[in-house]
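J.: Residue numbers (UniProt numbering): 1 to 709.
I'd like to ask you about the structure that follows.
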Amino acid sequence: MGMSKSRGCFGYPLSIFFIVVNEFCERFSYYGMRALLVLYFRNFLGWDDDLSTAIYHTFVALCYLTPILGALIADSWLGKFKTIVSLSIVYTIGQAVISVSSINDLTDHDHNGSPDSLPVHVALSMVGLALIALGTGGIKPCVSAFGGDQFEEGQEKQRNRFFSIFYLAINGGSLLSTIITPILRVQQCGIHSQQACYPLAFGVPAALMAVALIVFVLGSGMYKKFQPQGNIMGKVAKCIGFAIKNRFRHRSKAYPKREHWLDWAKEKYDERLISQIKMVTKVMFLYIPLPMFWALFDQQGSRWTLQATTMNGKIGAIEIQPDQMQTVNAILIVIMVPIVDAVVYPLIAKCGFNFTSLKKMTVGMFLASMAFVVAAIVQVEIDKTLPVFPGGNQVQIKVLNIGNNNMTVHFPGNSVTLAQMSQTDTFMTFDIDKLTSINISSSGSPGVTTVAHDFEQGHRHTLLVWNPSQYRVVKDGLNQKPEKGENGIRFVNTLNEMVTIKMSGKVYENVTSHNASGYQFFPSGEKQYTINTTAVAPTCLTDFKSSNLDFGSAYTYVIRRASDGCLEVKEFEDIPPNTVNMALQIPQYFLLTCGEVVFSVTGLEFSYSQAPSNMKSVLQAGWLLTVAVGNIIVLIVAGAGHFPKQWAEYILFASLLLVVCVIFAIMARFYTYINPAEIEAQFDEDEKKKGIGKENPYSSLEPVSQTNM
């Protein structure tokens with residue numbers, strides 16, 4: 001058993017500090033790697049968005065399912081300490097394998113900068129991910145339970161505070177890594193060809209994991225280590241099975257009822273085991289409604305980030321990209337946990353209100369549901385500002401006059417006249433069957449030209465006209481706001497020769513005369529671009545500057561000859577930039593974070609305090625299982641289909657969680673809190689009286705009647 005008297009520091013066992021530092025490094029390592037995964041799949045392995053997202057979510061769900069395995073190993077075979085050490089080694093190897101898999105020089109024999117055999121890289125990265133899922137999942141339930149084990153009886157207050165500090169370490173690690181890892185990725189490296197440095201970005205988490213392992217082992221002499229008690233889960237399963245069988249056998253009225261269905265196992269199993277199983281099943285039953293909370297919580301990475309892409313990221317002097325909004329959650333956690341712990345709870349206690357664990361969790365669910373109501377309100381505000389895009393059987397048309405005369409275009413029901421170098425203010429929407437004919441005429445010339453074009457339904461089109469008899473229809477290809485809050489830019493060439501445009505790293509190759517390029521996308525800010533063409537004298541300026549781009553807009557830049565024979569560019573707006581400020585997302589993040597602080601920290605602590613001593617890890621794994629199920633719910637709902645209106649989906653989720661919250665509150669009313677240590681001490685007393693007490697209090701957790709197992 002090796003109980004060295006634990007040294008103290010601020011009333012906490014010193015060993016706790018090793019555990020917290022270990023958790024910080026582990027979370028940094030995990031989130032740092034996770035932040036890169038989708039980009040790595042897309043850009044390095046060349047998978048499409050859907051496959052990348054599916055594999056990513058599968059990996060995340062796997063990381064929350066493997067804790068059950070870790071808990072079984074810890075509680076019944078190796079004990080928590082050895083489990084953490086051995087699975088951390090597996091984890092470190094996994095991290096190393098995935099960073100090796102991202103070295104393109106590994107199979108790039110012809111040194112052209114792209115790997116020659118992708119399957120090698122895919123295989124390596126899948127092996128790496130499998131090892132990581134086993135490692136991170138396996139140690140998750142053990143680390144928190146092992147931390148709780150370090151406290152003596154009567155240190156409940158410190159222990160609760162420990163779970164808060166532990167949660168802080170989790171979020172501190174994830175916050176720092178989401179900031180630092182993307183910086184590492186954009187570094188260039190490589191032996192034969194320079195490119196984005198995935199090996200470095202994956203390698204830093206791997207190194208940190210090794211540090212985490214070393215730190216944990218260094219504290220080895222100070223830990224309180226409990227011996228595992230044989231195959232607990234096997235016993236539990238057998239005992240429950242026997243109780244159900246026995247109950248079924250004695251179902252007739254002739255037999256007296258028993259207080260609890262587990263009491264039917266009395267014939268074969270001792271009281272202690274039965275009472276321990278009762279504790280676990282009571283808590284597991286309470287956990288049934290919880291995945292709904294996680295289903296909402298996990299959407300801040302997906303749905304809320306998408307919402308941010310339709311918003312304007314200028315907050316005061318700083319500019320925020322949509323995917324950086326997620327760090328708001330981690331930042332708020334780091335601020336809120338100490339405040340809630342040191343200020344809010346004591347205040348509530350002073351007011352004489354008994355704020356029990358389950359009440360806290362109920363409040364957490366309510367707050368998360370309100371966060372989604374706020375998200376829906378923000379969404380309604382955004383919807384008011386979004387441009388209308390064509391429906392399934394509609395087309396939208398905009399006319400852009402790039403000639404030197406006034407032009408009149410006749411549509412069914414109305415006609416528009418455009419001066420030279422101007423466009424219709426908005427896109428005009430037509431039902432495909434009503435769009436019978438479009439004619440072009442000009443005051444200076446007699447004839448009328450009919451536009452013969454097969455318009456694709458559900459899309460926007462631009463009609464370029466420059467002579468009464470000359471036109472071209474371009475399909476825009478943008479029937480939603482540009483992704484990731486970027487800005488779409490395309491060029492229209494009015495010269496007689498081809499042009500090629502280079503704009504901050506992207507190339508529009510050979511745009512032909514009187515034609516439009518496709519859109520390319522750029523983040524916010526001013527962009528430099530150069531125009532190459534043989535149409536103008538070499539002395540002319542070819543360097544130009546775009547206007548200051550905001551978020552989510554689209555423009556057409558028309559290149560034409562200026563009066564001095566050189567080039568000039570005129571800008572037309574296709575999609576207006578986002579107007580709703582991203583700061584409006586802060587209230588919903590704030591509510592969700594407050595919900596998380598009172599729900600999640602409390603859940604960890606509740607799972608520990610209500611578990612019998614030999615099943616601490618198992619209940620932590622049960623808690624993590626609710627997170628996995630929540631992830632799966634999101635996958636199902638997202639796959640099941642979209643609501644026509646996004647705000648409706650938010651309201652649906654909010655109301656679902658509200659219903660679940662009420663059910664949970666009712667279940668919690670009927671839960672009686674227990675102190676497992678006291679109950680177990682009572683059993684020890686009774687056994688001593690019977691004269692079968694043993695020297696070692698811990699081995700007495702083994703039932704004496706082992707013969708009938």
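Note that beta-carbon positions come from the ideal geometry of N, C-alpha and C, so glycine has one too.
Consult DSSP for Glu267 and reduce its assignment to one of helix, strand or coil.
T.: It is coil, neither helix nor strand.
J.: Under the three-state reduction of DSSP, which class applies to Gln276: helix, strand or coil?
T.: Gln276: helix per DSSP, three-state reduction.
J.: Would Arg27 and Ile170 qualify as a contact pair, given that the criterion is a beta-carbon distance under 9 Å?
T.: Yes, they are a contact pair.
J.: Going by beta carbon distance, what residues of the same chain come within less than 6 Å of Leu400, once the five residues before and after it are set aside?
T.: Result list for Leu400: Gln423, Thr462 and Leu464, in chain order.
J.: Quick check on the burial criterion: 16 or more other C-beta atoms within 10 angstroms. Buried or exposed for Leu541?
T.: With fewer than 16 Cβ atoms within 10 Å of its Cβ, Leu541 is classed as exposed.
J.: Per DSSP, what kind of secondary structure is Met421 in: helix, strand or coil?
T.: In this structure, Met421 counts as coil in the three-state DSSP scheme.
J.: How should Asp75 be labelled, buried or exposed, when 16 other C-beta atoms within 10 angstroms of its C-beta is the threshold for buried?
T.: Buried, since its Cβ has 16 or more Cβ neighbours within 10 Å.
J.: From Phe77 to Gln229, what distance separates their C-alpha atoms?
T.: According to the sequence provided, residue 77 is Trp. The question's Phe does not apply to it. The alpha-carbon atoms of Trp77 and Gln229 are separated by roughly 8 Å.
J.: Using a 10 Å radius around the Cβ and a threshold of 16 neighbouring Cβ atoms, would you call Lys212 buried or exposed?
T.: The amino acid at residue 212 is misidentified as Lys; the sequence shows Ala. Ala212 should be labelled buried.
J.: Three or more C-beta pairs under 8 Å: does that hold for the segment 640 to 650 against the segment 317 to 334?
T.: At 8 Å Cβ cutoff, the stretches do not touch.
J.: Going by the beta-carbon positions, is the gap between Pro482 and Ile575 smaller than 9 Å?
T.: Taking 9 Å as the Cβ cut-off, Pro482 and Ile575 qualify as a contacting pair.
J.: Relative to the C-alpha of Ile402, which residue among Tyr56, Val380, Gln379 and Val473 is closest?
T.: Ile402 has its Cα closest to that of Val473, out of Tyr56, Val380, Gln379 and Val473.
J.: In terms of alpha-carbon separation, which member of Gln324, Phe44 and His111 lies closest to Ile183?
T.: Checked all of Gln324, Phe44 and His111; the closest Cα to Ile183 is Gln324.
J.: Considering only the beta carbon of each residue, do Ile531 and Leu567 sit closer than 9 Å?
T.: Yes. Within cutoff.
J.: Report the option in Tyr167, Glu573 and Asn496 whose CA atom is closest to the CA atom of Tyr519.
T.: Of Tyr167, Glu573 and Asn496, the residue nearest in Cα terms is Glu573.
J.: Which of the three DSSP states is assigned to Glu49 in this structure?
T.: It is worth fixing the name first, because residue 49 is Asp in this sequence and not Glu. It is helical.
J.: Pop quiz: Gly301 and Gln326 are said to be a contact at Cβ under 8 Å. What is the actual Cβ separation, rounded to whole angstroms?
T.: 6 Å between Cβ atoms; contact.
J.: Is any beta-carbon of chain C found at less than 9 Å from that of Tyr64?
T.: Considering every chain present, this structure includes no chain C. It has just one protein chain.
J.: Measure the alpha-carbon distance for Ile356 versus Leu656 and round it to whole angstroms.
T.: In the sequence on display, residue 356 carries Thr and not Ile. Cα-Cα distance, rounded: 24 Å.
J.: Between Ile240 and Leu262, what straight-line distance do the alpha-carbon atoms span, to the nearest angstrom?
T.: Cα to Cα, Ile240 sits roughly 7 Å from Leu262.
J.: Leaving out the 5 sequence neighbours to the left and right, which residues in its chain are closer than 7 Å to Asp110 when beta-carbon positions are compared?
T.: Around Asp110: Asp116.
J.: Could you give the first and the last residue of the continuous alpha helix (DSSP H) run that contains Ile432?
T.: Taken as a continuous stretch (DSSP letters only), Ile432 belongs to no alpha helix (DSSP H), as it is neither H nor E.
J.: Per DSSP, Gln470 is paired with what?
T.: Gln470 is bridged to Asn467.
J.: Could you check where the alpha helix (DSSP H) with Asn487 kicks off and where it finishes?
T.: Run containing Asn487: none in the alpha helix (DSSP H); it sits in the beta strand (DSSP E), Asn487 to Asn493.
J.: To the nearest angstrom, how far is it from the Cα of Ala196 to the Cα of Ile103?
T.: Rounded to the nearest angstrom, the two C-alpha atoms are 10 Å apart.
J.: Quick one, are the C-beta atoms of Asn631 and Trp294 less than 9 Å apart?
T.: Going by C-beta atoms, Asn631 is nearer than 9 Å to Trp294.
J.: Ignore the nearest five residues each way along the sequence and tell me which others in Gln706's own chain have a CB closer than 7 Å to its CB.
T.: With a pLDDT of only 32 at Gln706, under 50, the local geometry of the prediction cannot be trusted, and no value is derived from it.
J.: For a test of the three-state rule: what should DSSP assign to Ser445, helix, strand or coil?
T.: Here Ser445 sits in strand by DSSP.
J.: From this set, Lys545, Trp264 and Arg161, which residue's C-alpha is nearest Lys570's C-alpha?
T.: Considering only alpha carbons, the answer is Lys545.
J.: For the alpha helix (DSSP H) containing Tyr589, name the first residue and the last one.
T.: Note, Tyr589: alpha helix (DSSP H), Ile586 to Glu596.
J.: Per DSSP, what kind of secondary structure is Pro141 in: helix, strand or coil?
T.: If DSSP states are grouped into helix, strand and coil, Pro141 belongs with the helices.
J.: Ends of the alpha helix (DSSP H) at Lys350?
T.: First-last of the alpha helix (DSSP H) with Lys350: Tyr345 to Lys350.
J.: Between Leu296, Thr107 and Gln95, which lies nearest to Gly203 when the distance is taken from Cα to Cα?
T.: With distances taken between Cα atoms, Gly203 lies closest to Gln95.
J.: Between Asn246 and Glu271, what straight-line distance do the alpha-carbon atoms span, to the nearest angstrom?
T.: In a straight line, the C-alpha of Asn246 is about 16 Å away from that of Glu271.
J.: Quick check: the Cα distance between Gln188 and Asp108, rounded to an integer number of angstroms?
T.: About 17 Å.
J.: Return the bridge partner residues of Val97 from the DSSP annotation.
T.: Beta-bridge pairing links Val97 to no other residue.
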